[in-house]
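*Asks:* 131 is the number that full-length UniProt numbering gives to position 131 of the sequence shown; each next residue is one higher, with no gaps.
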Amino acid sequence: MRTLSIVIPVFNEQDGISLFLDAARPAVDEALSLIGADARAEYLFVDDGSADRTGDVLEILSRFNPDLRYVRLSRNFGKEAALAAGIDHAVGDAVIPIDVDLQDPPEVIVDMVRLWLAGAQVVNARRADRSSDSWFKRWSARGFYALLNRLSDYPIPENVGDFRLLDRQAVDVVKQLGEQARFNKGLFSWIGFRVATVDYIRARRETGRSKWGLGKLWSLAVDGITASTTMPLRIWSYVGGAIALIAFAYAGFLVVHTLATGVDVPGYASMMVAVLGLGGLNLLSLGIMGEYVGRIAREVRQRPLYIVAADAGARNVGGAATPTLDQLERDEEWIAQPIRA
């Protein structure tokens, strides 16, 4: 029996979970029919420390949906860590990460599975139309991928997010990558394997609002660049060499000018410009080196990428009456039980 795992990281998405399941089930069922009569689905939600009733909604749904599991993290670790937790806990022969907001249409899953059955081990979903995104997000994404692929040691496909299919062999390789500062899109590209691509049109968000502010996007961009290449460090060797050549050339000019004319070149203004400019470049280079040193410090600590507070789901199906939210709040001992290997 083959299993298709749908991994859905969620953070404060209490209103979107049922809508997602209603929209995703028909597409996933169609995909299962392509795999075989005995194929089954696993909907694995990762609650990334939600502050609303997301955990309660998942607990209720898991009791009456045998194909639904959820992993609850002990706090908010961020989407990259939550996605890693979902991939680590998924049991499927193929794993598909997808957002709960339905901007990535579940219907694309059918095309992904079709390409997987044809031999692809990684199926990327590429956004052919991003008109649903703001102009700033489109412009910044285009610039980020252009810069990243110019610097990166390996190509990262543009307009491809976390929404993709990973074969079990690819998943097992990703699980071995223990990086703390995660950039999953980069890791998915780094592993290689046989890759296929399906294009789709990105829809507007159905529920809630994006948790990705400018600060988080900037942090993700920095993580993406530092995780994919050491070129920013190498660039400063070139910059330093160029500045040294300019300085030597200018020093030679001053010597020749003074010997030829007998007049010193007045240079207070130029000296201030040089000092301030070089000081700014030094601080910038220190900041870039600091980013890499910070990554090294995070890796050396070897802290877990995430902490699981509860792993629950399909085993809870049965004839029990539907619990109320008040009952769930009193049932703290069961909800807080730790995962067991």
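No residue lacks a Cβ here, since even glycine has one placed at the ideal position from N, Cα and C.
For clarity, every value in this text was computed on a predicted model and none was experimentally measured.
Taking 8 Å as the cut-off, does the region 100 to 117 touch the region 72 to 92 (at least 3 CB pairs, one atom from each stretch)?
*Replies:* no
*Asks:* Can P97 and R164 be called in contact, C-beta distance under 9 Å?
*Replies:* Locating residue 97 in the sequence shown gives position 97, where the first residue counts as 1. Locating residue 164 in the sequence shown gives position 164, where the first residue counts as 1. In contact: P97 and R164 (Cβ atoms closer than 9 Å).
*Asks:* Run the CB neighbour count on N124, radius 10 Å, all protein chains shown included, and call it buried at 16 or more, exposed below.
*Replies:* Residue mapping note: residue 124 aligns to position 124 of the sequence shown, counting from 1. So N124 ends up on the buried side.
*Asks:* Counting only the same chain and skipping the five closest in sequence on each side, list residues whose C-beta sits under 7 Å from that of E30.
*Replies:* Along the sequence shown, one-based indexing puts residue 30 at 30. Closer than 7 Å at the Cβ level, and outside the excluded window around E30, lie V110.
*Asks:* Please classify G201: does DSSP put it in a helix, a strand, or coil?
*Replies:* Counting from 1 along the sequence shown, the entry for residue 201 is found at position 201. One point to set straight first is that residue 201 is Ile, not Gly, in the sequence displayed. Residue state, collapsed to three classes: strand.
*Asks:* For L117, collect the residues of the same chain with a Cβ closer than 8 Å to its Cβ; drop the 5 residues on either side in sequence, then sort them by chain order.
*Replies:* Locating residue 117 in the sequence shown gives position 117, where the first residue counts as 1. Excluding positions up to five away in sequence, the list reads L34, I35.
*Asks:* Using three-state DSSP, classify V317 as helix, strand or coil.
*Replies:* The sequence position of residue 317 within the sequence shown is 317, counting from 1. Here V317 scores only 31 on pLDDT, less than 50, and its place in the model should not be relied on; the value that follows carries that caveat. The answer is coil: DSSP assigns V317 none of H, G, I, E or B.
*Asks:* Mind checking whether I6 and L44 have CB atoms under 9 Å apart?
*Replies:* Within the sequence shown, residue 6 is the residue found at index 6, counting from 1. Within the sequence shown, residue 44 is the residue found at index 44, counting from 1. Against a cut-off of 9 Å, the Cβ pair of L44 and I6 comes out as a contact.
*Asks:* Taking the alpha-carbon of I191 as reference, which of I201, P26, V173 has the nearest alpha-carbon?
*Replies:* The residue you call residue 191 lines up with position 191 of the sequence shown. Out of I201, P26, V173, V173 has the C-alpha closest to the C-alpha of I191.
*Asks:* Just how far apart, CA to CA, sit G143 and A260?
*Replies:* Here the question's residue 143 lines up with position 143 in the sequence shown. Here the question's residue 260 lines up with position 260 in the sequence shown. Straight-line Cα distance between these residues: approximately 50 Å.
*Asks:* Please classify R182: does DSSP put it in a helix, a strand, or coil?
*Replies:* Against the sequence shown, residue 182 aligns to sequence position 182. Coil at R182, not helix or strand.
*Asks:* Can at least three beta-carbon pairs, one atom from the region 77 to 88 and one from the region 180 to 190, be found at a separation below 8 Å?
*Replies:* yes
*Asks:* What does the alpha-carbon distance come out to for the pair Y306 and A249?
*Replies:* To locate residue 306, count along the sequence shown from 1; it is residue 306. To locate residue 249, count along the sequence shown from 1; it is residue 249. Taking the straight line joining both Cα atoms gives about 54 Å.
*Asks:* Flag this pair as yes or no: are the beta carbons of V256 and T197 separated by less than 9 Å?
*Replies:* On the sequence shown, position 256 is the one that residue 256 refers to. On the sequence shown, position 197 is the one that residue 197 refers to. No, the Cβ-Cβ distance between V256 and T197 is not below 9 Å.
*Asks:* Go ahead and label S62 buried or exposed: buried means 16 or more other beta carbons lie within 10 angstroms of its beta carbon, across all protein chains shown.
*Replies:* Along the sequence shown, one-based indexing puts residue 62 at 62. With 16 or more Cβ atoms within 10 Å of its Cβ, S62 is classed as buried.
*Asks:* Relative to the alpha-carbon of Y154, which residue among L286, R40, F188 has its alpha-carbon at the smallest distance?
*Replies:* As a first step, residue 154 must be located in the sequence shown, where it is residue number 154. Minimum Cα distance to Y154 is reached at F188.
*Asks:* How would you call L32, buried or exposed, if buried means at least 16 neighbouring beta carbons within 10 angstroms?
*Replies:* For the purposes of this step, residue 32 is taken as residue 32 along the sequence shown, with counting starting at 1. Burial call: buried.
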